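Q: Below is one structure. I have some questions about it.
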Ligand SMILES: *Cc1c(COP(=O)(O)O)cnc(C)c1O
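Laid out in structure tokens, this is it:
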């Protein structure tokens, strides 16, 4: 039985994408070679990466001012790479502290510049998005935000009004909704939540962010300029993750792009939050206005109920629902590729659980 996979990452991929990818593993388009065996410098792969870039540009409304790069090392490596590329010693940057991932980004950036943490929701275990950006220093080169906090289940529903470019960790909600692209100087995302398999990270970099005046040593593999100059082919890139990401981007385009994707995501989130709010045995953990449409956290009153529901959900084929240890309870990750039918199965299981206990 195909499971309803609520894993926070690596996450569910579209069934049609998996089918096409599995064919490509055996024989890529009649070449007699597996996608895993083709040259990263041959025409087949160059076509794939070019299509991935052009789909990204089309879906997000990018223009000639943007580079689309593919790096390795995960979003976690961007925490230091972005700071290393955007800051000289003595430069200032502002960061919003909205959870575990934001904290890691802050910690790494501190090695490269003066980092000002302008707000934080730590006081309430990161259960809301702080919205006061008045403390952003005028000379900050950028403001770093995390658009969706995968662990705590909060998501920015409005964007900060600041003079400087946003640098955004969009790992868990990229391509889930339209964004005002003009606000962003840099966007990065590990692929394994909303885009593809683990192993590749997408970096969208606006040209005016690229610095030619860095004073510290930059190893070529950590320098955005290398990725720009070599079209992300300086060394052997993760061919298969880029290929599957490209297939997912095609899938999003065929659905109608990011507006359509957002409608579907809103319908799925409303369905689940509706049940959490109506069901006497469950409650949400975050501020209503900051609820994530990607990672939905909810809890019960006590451990007995929690364990019983975990068993019922598992029996219904709903897996990987355990909340992160810092929140507890349950977390349903309902990324782009999770069908609404899977959310419905979870909701039905919650309803039945309440009836049984009622
Ligand atoms: C998963 C995640 C990361 C870490 O991604 P890796 O690719 O595993 O390094 C960083 N930020 C956010 C918001 C995430 O959800």
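Residue numbers (our numbering): 3 to 360. From the three backbone atoms N, C-alpha and C, an ideal C-beta is built for every residue, glycine too. Quantities reported herein were computed from a predicted structural model and do not represent experimental measurements.
Inspect the beta-carbon positions of residue 238 and residue 10 and report whether they are closer than 7 Å.
A: Position 236 of the chain shown, counted from the first residue, corresponds to residue 238. Position 8 of the chain shown, counted from the first residue, corresponds to residue 10. Going by C-beta atoms, residue 238 is not nearer than 7 Å to residue 10.
Q: Determine the DSSP secondary structure at residue 276, reduced to helix, strand or coil.
A: Taking the chain shown and counting its residues from 1, one reaches residue 276 at position 274. It is helical.
Q: Mind the definition here: the region 108-128 touches the region 63-74 only if three or more C-beta pairs lie below 8 Å; say whether that holds.
A: no
Q: In chain order, which beta strand (DSSP E) runs of at least 3 residues are fully inside the region 46-78?
A: 68-73
Q: Helix, strand or coil: how does DSSP classify residue 208 here?
A: Within the chain shown, the letter at position 206 stands for residue 208. Strand.
Q: Are the Cβ atoms of residue 7 and residue 196 separated by less than 7 Å?
A: Reading the chain shown from its first residue, position 5 is the one you call residue 7. Reading the chain shown from its first residue, position 194 is the one you call residue 196. No, Cβ-Cβ distance for residue 7 and residue 196 is not below 7 Å.
Q: Determine whether the beta carbon atoms of residue 300 and residue 286 lie at a separation below 7 Å.
A: As a first step, residue 300 is located in the chain shown; it is residue number 298 there, counting from the start. As a first step, residue 286 is located in the chain shown; it is residue number 284 there, counting from the start. The answer is yes: Cβ separation under 7 Å.
Q: DSSP three-state label for residue 345, please.
A: Taking the first residue of the chain shown as position 1, residue 345 is located at position 343. Of the three classes helix, strand and coil, the one that applies to residue 345 here is helix, per DSSP.
Q: Please go through the same chain and pick out, in chain order, the residues whose beta-carbon is closer than 6 Å to the beta-carbon of residue 26, but skip the five residues on each side of it.
A: Residue numbering aside, residue 26 sits at position 24 when the chain shown is read from its first letter. Around residue 26: 37.
Q: Can the beta-carbon of residue 294 be found closer than 7 Å to that of residue 150?
A: As a first step, residue 294 must be located in the chain shown, where it is residue number 292. As a first step, residue 150 must be located in the chain shown, where it is residue number 148. A contact, by the Cβ cut-off of 7 Å.
Q: Enumerate, from N- to C-terminal direction, the unbroken beta strand (DSSP E) stretches of 3 or more residues contained entirely within the region 227-304.
A: 297-301
Q: Measure how close the beta-carbons of residue 98 and residue 171 come, nearest whole angstrom, since I'm counting them as under 8 Å.
A: Within the chain shown, the letter at position 96 stands for residue 98. Within the chain shown, the letter at position 169 stands for residue 171. So it is not a contact: roughly 10 Å between Cβ atoms.
Q: Here's the rule: buried if 16 or more other CB atoms are within 10 angstroms of the residue's CB, otherwise exposed. What is residue 3?
A: Translated into positions along the chain shown, residue 3 becomes position 1. Result: exposed.
Q: With distances taken Cα to Cα, identify the nearest neighbour of residue 223 among 18, 82, 39 and 168.
A: One-based indexing of the chain shown puts residue 223 at position 221. Answer by Cα proximity: 82.
Q: Using only the alpha-carbon positions, how far apart do residue 105 and residue 111 sit?
A: Position 103 of the chain shown, counted from the start, is the residue given in the question as residue 105. Position 109 of the chain shown, counted from the start, is the residue given in the question as residue 111. Cα-Cα distance, rounded: 10 Å.
Q: Distance check for residue 270 and residue 282, CA to CA, integer angstroms please.
A: Along the chain shown, one-based indexing puts residue 282 at 280. Along the chain shown, one-based indexing puts residue 270 at 268. The alpha-carbon atoms of residue 282 and residue 270 are separated by roughly 20 Å.
Q: Can you give me the Cβ contacts of residue 205 inside the same chain, cut-off strictly under 6 Å, excluding the 5 residues immediately before and after it?
A: Walking along the chain shown from the start, residue 205 turns up at place 203. Contacts found: 71, 73 and 190.
Q: Can you tell me whether DSSP reads residue 306 as helix, strand or coil?
A: Residue mapping note: residue 306 aligns to position 304 of the chain shown, counting from 1. Looking at residue 306 - three-state DSSP - the assignment turns out to be helix.
Q: Check whether the Cβ atoms of residue 250 and residue 198 lie closer than 7 Å to each other.
A: Along the chain shown, one-based indexing puts residue 250 at 248. Along the chain shown, one-based indexing puts residue 198 at 196. Yes, the Cβ-Cβ distance between residue 250 and residue 198 is below 7 Å.
Q: At a threshold of 6 Å, does residue 174 count as lining ligand 1 (C-beta to nearest heavy atom)?
A: The sequence position of residue 174 within the chain shown is 172, counting from 1. Yes; taking the cut-off as 6 Å, the Cβ of residue 174 has a heavy atom of ligand 1 nearer than that.
Q: Please classify residue 92 as buried or exposed, where buried requires at least 16 other C-beta atoms within 10 Å of its C-beta.
A: Taking the first residue of the chain shown as 1, we reach residue 92 at position 90. With fewer than 16 Cβ atoms within 10 Å of its Cβ, residue 92 is classed as exposed.
Q: Considering just the uninterrupted stretch of the alpha helix (DSSP H) at residue 106, what are its terminal residues?
A: As a position in the chain shown, residue 106 is number 104, starting the count at 1. Per DSSP, residue 106 belongs to the alpha helix (DSSP H) from 102-111.
Q: List the DSSP bridge partners of residue 192.
A: The residue given as residue 192 occupies position 190 in the chain shown. Beta-bridge analysis with DSSP links residue 192 to 203.
Q: Do you know how far the Cα of residue 144 is from the Cα of residue 94?
A: One-based indexing of the chain shown puts residue 94 at position 92. One-based indexing of the chain shown puts residue 144 at position 142. When rounded, the distance between both Cα atoms is 8 Å.
Q: Would you kindly work out how many angstroms separate the C-alpha atoms of residue 183 and residue 62, rounded to a whole number?
A: Position 181 of the chain shown, counted from the first residue, corresponds to residue 183. Position 60 of the chain shown, counted from the first residue, corresponds to residue 62. Rounded to the nearest angstrom, the two C-alpha atoms are 7 Å apart.
Q: Considering only the alpha carbon of each residue, which of 137, 186, 130 and 139 lies closest to residue 159?
A: Walking along the chain shown from the start, residue 159 turns up at place 157. Nearest of 137, 186, 130 and 139 to residue 159, Cα basis: 130.
Q: Hey, would you say residue 154 sits closer than 7 Å to residue 192, going by beta carbons?
A: Taking the first residue of the chain shown as 1, we reach residue 154 at position 152. Taking the first residue of the chain shown as 1, we reach residue 192 at position 190. No. Outside cutoff.
Q: Which residue from 178, 163 and 137 puts its Cα closest to that of residue 335?
A: On the chain shown, residue 335 is found 333 positions in, with the first residue counted as 1. Of the candidates 178, 163 and 137, the one whose C-alpha sits nearest the C-alpha of residue 335 is 178.
Q: I want to check one thing, is the minimum distance from the CB of residue 330 to the heavy atoms of ligand 1 below 6 Å?
A: Working through the chain shown from its first residue, we reach residue 330 at position 328. Not so, every heavy atom of ligand 1 lies at least 6 Å from the Cβ.
Q: Are the region 49-58 and the region 242-259 touching, with three or more C-beta to C-beta distances below 8 Å?
A: Contact holds: three or more Cβ-Cβ distances are below 8 Å.
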